[in-house]
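When you line the sequence shown up against the working numbering, it's residues 4 to 424, in that order.
Here is the structure we will look at, set down as structure tokens.
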Amino acid sequence: MSETDGHPAWEGRTLLVVSTNYAPEETGIGPYAAQLAEHWAASGAETHVLTGMPHYPAWRTEEGYRGVWRVTERRAGVLVHRRRHYVPSRQTALRRGAFEASVLAHGLLPPAVPRPPDAVVSQMPSLAGGVLGARLAHRHRVPYLPVVQDLMGAAAEQSGIRGGGRAAAVAAAAESHVLRRAALVGVIHESFVPRVAGYGVDPGRIRVVPNWSHVPVPSADRRATRARLGWDEDVPVILHSGNMGLKQGLEVLVDAARLAPDVRVVLMGDGSRRGALRERAAGLRNLDFLPPADARDFTDVLAAADVLAVTQRASVLDMSVPSKLTSYFVSGRPVVASVAEGGGTAQEVQRSGAGVLVAPEDPAALLSAVRELVEAPARAAALGANGPRHVARHLGREAALARFDALLTEALADAQGRPRR
């Protein structure tokens with residue numbers, strides 16, 4: 004394949020990306036799906052995306068898309084085909100099932116494209132997105148490439164969602180069916196490999212394609228940002244940014260705030276558990292709920308905190324590696340990870356050298372780690388400095404997108420080398 008400005012050229016190719024989440028969503032999987040599609044479009048491919056209406060992390064359809072059933076729009080050279088779907092404000096296994104069913108039903112109307120795609124790439128955890136991607140690839144007899152960002156079967160089992168025990172077997176069966184139909188399977192972390200292989204996927208067809216850092220480095224004066232946010236210089240600030248869902252187990256931070264009135268805890272973001280967390284935090288003067296920060300000053304806000312927190316329920320092991328970590332590392336602040344030891348999140352924090360691990364769902368242990376870092380600023384600074392170095396070495400956008408190019412190149416070469424059925 005020819006090269007253009009150092010990047011593979013995809014002229015003459017048509018690619019279809021299926022992802023329930025997409026820009027303008029600024030957190031979670033949406034930014035990765037968008038930047039991948041935009042990369043291929045900029046490299047010469049006619050790139051289409053089949054997606055839903057923007058709704059994450061608030062789990063509310065954005066105002067400009069409410070009441071819309073279907074729309075096609077062009078974003079950064081990509082043709083984006085949106086389909087309406089149900090958006091549950093509260094997460095239960097039944098509601099999540101209804102969400103997936105609506106994505107599947109409305110996505111069955113395929114996007115109108117001038118010519119069939121050469122390959123179909125889907126972003127999972129959306130089971131419906133995985134099924135739609137596999138179905139479209141089968142229809143056109145082209146390679147199907149699912150990228151596993153989260154595992155829904157494991158999520159139903161580990162996240163504590165109501166009705167999750169019954170849903171786990173159904174979700175796992177669907178994931179197994181979809182992944183076994185793939186030409187190659189991408190996973191964002193090696194901790195996913197054993198479970199994906201356990202679904203019947205040949206380990207020789209699994210490729211690790213890590214997420215990358217997609218946010219700018221901090222640029223604002225840290226003291227000025229703290230002053231703007233009303234954070235006293237003498238009060239340690241623990242900040243959690245991102246989705247407020249079940250698997251995050253954010254109750255540990257609310258309880259930590261209750262134990263330590265001399266520490267400010269900040270929950271920045273949105274999600275299905277935000278209301279319940281606010282109720283739990285009633286009366287706490289040292290706990291703030293902030294809306295998601297604008298993309299322009301997101302990392303400046305992260306960098307203004309003393310410690311960044313990533314939390315998960317103790318049961319979460321191999322279902323998810325939070326995308327927030329790539330942004331945390333860019334900020335240059337130390338990370339305290341209240342997560343299960345041995346899980347993918349713990350592995351990534353240890354690999355980066357940018358943080359410390361504490362027992363999950365243990366507010367006293369979390370506070371102890373925070374106080375140790377506050378009282379040892381040199382150690383905290385050293386840990387924080389490891390984050391940007393880890394990003395530069397392992398989480399760069401160019402290298403990550405090159406891995407996706409390699410994944411696509413391999414699948415297309417394999418498809419050309421064997422007869423179509």
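The beta-carbon is built from N, C-alpha and C at its ideal position, and this holds for glycine as well.
Limits of the unbroken alpha helix (DSSP H) element including residue i
| i | result |
| --- | --- |
| Gln353 | Gly347 to Ser355 |
| Arg400 | Arg400 to Gln419 |
| Tyr35 | Gly33 to Ala45 |
| Leu253 | Per DSSP, Leu253 belongs to no alpha helix (DSSP H) and is neither H nor E. |
| Ser326 | Ser326 -> no alpha helix (DSSP H), and no H or E assigned at all. |
| Gly366 | Checking the sequence, you will find Pro at residue 366 rather than Gly. Run containing Pro366: Pro366 to Glu378, per the alpha helix (DSSP H) assignment. |
| Val134 | Leu130 to His143 |
Limits of the beta strand (DSSP E) - the one that residue i falls within
| i | result |
| --- | --- |
| Ser125 | Ala122 to Met127 |
| His88 | That residue, His88, is in no beta strand (DSSP E); it is neither H nor E in DSSP. |
Chain-order list of residues whose beta-carbon lies under 6 Å from that of residue i (same chain, five-residue window excluded)
| i | result |
| --- | --- |
| Ala48 | Trp13, Arg16 and Leu18 |
| Arg76 | A quick correction: the sequence has Glu, not Arg, at residue 76. Around Glu76: Val83. |
| His51 | Leu19, Leu82, Pro114 and Val116 |
| Glu413 | none |
| Val185 | Looking at the sequence itself, residue 185 is Ala, so the reference to Val does not match. These residues qualify, in order along the chain: Tyr147 and Pro149. |
| Ala37 | Tyr25 and Ala26 |
| Arg400 | Trp215 |
| Arg231 | none |
| Asp258 | Pro366 |
Rounded distance between the beta-carbons of residue j and residue i, thought under 8 Å
| i | j | result |
| --- | --- | --- |
| Val123 | Leu139 | 5 Å |
| Tyr331 | Val304 | At roughly 12 Å, the Cβ-Cβ gap does not stay under 8 Å, so Tyr331 and Val304 are not in contact. |
| Leu280 | Leu253 | 6 Å |
| Val238 | Arg267 | 5 Å |
| Thr329 | Leu270 | Wrong, their Cβ atoms sit about 20 Å apart, outside the cutoff. |
| Val255 | Pro366 | 5 Å |
Proximal residues to residue i (C-beta, below 7 Å), its chain only, five neighbours per side dropped
| i | result |
| --- | --- |
| Gly358 | Pro337, Val338, Val339, Ala340, Val352 and Leu386 |
| Gln152 | Ile32, Gln126, Met127, Pro128 and Ile191 |
| Arg78 | Ala26 |
| Ala182 | For the sequence presented, residue 182 should be read as Leu rather than Ala. Correct list, in chain order: Pro149, Val188, Val199, Tyr202 and Val204. |
| Ser355 | Phe332, Asn389, Gly390 and His393 |
| Ala263 | Leu370 |
| Arg261 | Leu287 |
| Asn289 | Ala260, Pro264, Val266, Arg267 and Val268 |
| Glu41 | Ala79, Gly80 and Val81 |
Under the three-state DSSP convention, the category residue i falls into
| i | result |
| --- | --- |
| Gly245 | coil |
| Glu66 | helix |
| Ala193 | Correcting the residue type first, residue 193 is Glu in the shown sequence and not Ala. Glu193: helix per DSSP, three-state reduction. |
| Arg276 | coil |
| His51 | strand |
| Pro149 | strand |
| Arg336 | coil |
| Thr23 | coil |
| Leu262 | helix |
| Leu107 | helix |
| Val17 | According to the sequence displayed, residue 17 carries Thr and not Val. Of the three classes helix, strand and coil, the one that applies to Thr17 here is strand, per DSSP. |
| Thr302 | helix |
| Glu28 | coil |
| Val238 | coil |
| Thr228 | helix |
| Leu97 | helix |
| Gly201 | helix |
| Gly167 | Annotation note: pLDDT 49 at Gly167 (below 50); position unreliable, coordinate value reported separately. Reduced to three states, the DSSP call for Gly167 is helix. |
| Val319 | coil |
| His397 | helix |
| Gly387 | helix |
| Gly281 | Reading the sequence as shown, one finds Arg at residue 281 and not Gly. Helix at Arg281. |
| Arg184 | coil |
| Ser179 | helix |
| Arg392 | helix |
| Arg382 | helix |
| Val173 | helix |
| Ala115 | coil |
| Ala479 | This structure does not reach residue 479, given that the chain is present from 4 up to 424, and the question cannot be answered. |
Beta-ladder partner(s) of residue i, from DSSP
| i | result |
| --- | --- |
| Ser341 | Thr314 and Val361 |
| Met271 | Ser244 and Leu293 |
| Glu76 | Val83 |
| Arg210 | Gly189 |
Proximal residues to residue i (C-beta, below 8 Å), its chain only, five neighbours per side dropped
| i | result |
| --- | --- |
| Thr64 | Met56, Pro57, His58 and Val90 |
| Thr228 | Asp300, Asp303, Val304, Ala306 and Ala307 |
| Ala343 | Gln315, Ala317, Ser318, Val319, Leu320, Ala349 and Pro363 |
| Glu236 | Arg226 and Arg229 |
| Asn246 | Thr30, Gly31, Tyr59, Pro60, Gly272, Asp273 and Gly274 |
| Trp72 | Arg86, Arg87 and His109 |
| Pro221 | Thr302, Asp303, Leu305, Ala306, Val333, Ser334 and Gly335 |
Closer than 6 Å: residue i CB and nearest the ligand SAM heavy atom
| i | result |
| --- | --- |
| Leu293 | Looking for the ligand SAM in the displayed structure turns up nothing, as the structure carries no ligands at all. |
Cβ of residue i within 7 Å of any chain B Cβ
| i | result |
| --- | --- |
| Gly70 | Going by chain labels, chain B is absent from the structure shown, which holds only one protein chain. |
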